[in-house]
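Residue 159 in our numbering sits at position 147 of the sequence shown; the count goes up by one each step and never skips.
Here the structure is laid out as structure tokens; the discussion comes afterwards.
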Amino acid sequence: MTKRLLAFALFFAAPLAAHASGLDQLKTFLETTQSARGHFVQSVASKSGRKPQQSAGSFYLQRPGKFRWAYEKPYPQLLVSDGDKLWSFDPDLNQVTVKKLGKALGSSPAALLAGGDLDGHFVLKDAGQAEGYEMVDATPKAADGTFERVRIGFRNNLPQMMEIRDNFGQVTTLLFAEFLSNPALPKDTFKFTAPKGADVVGE
């Protein structure tokens, strides 16, 4: 091999060797990110092959267990967790559903971003590279879960995409944009007060 070809090979080989695996990036993300915010685009594809449903919005996260997930298009919907309760608000119906978060967060896809005992609830493994991401597969240990597998794609120690495959063959894909690590968030970000006149259902 000529010196020129050797230099060319080393130039491209060095960055590849420096790539951290998906599991390493997940660990770094969990260790260094206590809060986050950004935007998402969501696509839901059914097993029947019908045209995927598209939606978009913004999110806020804070460990442990706090998140605010706001769907803005095509229909507004708001999910808020203060680490103890989870509120789901549908403005079109003017209805609020309240649930005790309890242990439900631990084995849910949200736990992979909002924190929790991941090793206790998931089998985690590297899933190689795909579309420029370092992938991690998370399989729930509980046999009675509602989903089969979550795949997360990392780049620069931050999640860039998430694919959730449920037990009915439906696949939800989330693409994250402007994912900002450790921003200062307003104190009321994870508080929710039911709008006046709203129908409140649940705990």
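Every residue gets a Cβ at the ideal spot worked out from N, C-alpha and C, and that includes glycine.
From a predicted model like this one, the values you see are computed outputs, not experimental measurements.
Check: residue i C-beta below 6 Å from any heavy atom of the ligand GDP
i	result
L186	The model depicted lacks the ligand GDP and carries no ligand whatsoever.
Residue environment, residue i, which counts as buried when at least 16 other CB atoms sit within 10 Å
i	result
Q54	buried
G61	exposed
L105	exposed
Q46	exposed
Q65	exposed
S58	exposed
E190	exposed
K78	buried
Y87	exposed
V108	buried
Helix, strand or coil at residue i according to DSSP, with G and I counted as helix
i	result
A126	helix
E143	coil
G214	strand
T40	helix
L35	helix
G50	strand
Residues bridged to residue i (per DSSP)
i	result
D94	K78
F180	DSSP lists no partner for F180.
Q65	V56
E267	In this structure the chain extends from 13 to 215, so residue 267 is not present and cannot be described.
D104	BP columns for D104 are empty, so no partner.
K153	Answer by DSSP bridge pairing: none, since K153 is not bridged.
T109	S100 and V213
Y83	G69 and Q89
Spatial neighbours of residue i in its chain, beta-carbon cut-off 6 Å, leaving aside the 5 residues before and after
i	result
D102	Q89
T184	V56 and I176
D211	Q107
Chain-order list of residues whose beta-carbon lies under 7 Å from that of residue i (same chain, five-residue window excluded)
i	result
Y145	G165, F166, R167, Q172 and M173
L186	F52, Q54, M173 and M174
Close-in-space but distant-in-sequence residues of the same chain around residue i (CB under 8 Å, 5 per side omitted)
i	result
A25	Low confidence applies here, because A25 scores a pLDDT of 40, under 50, leaving its location unreliable and the question unanswered by this model.
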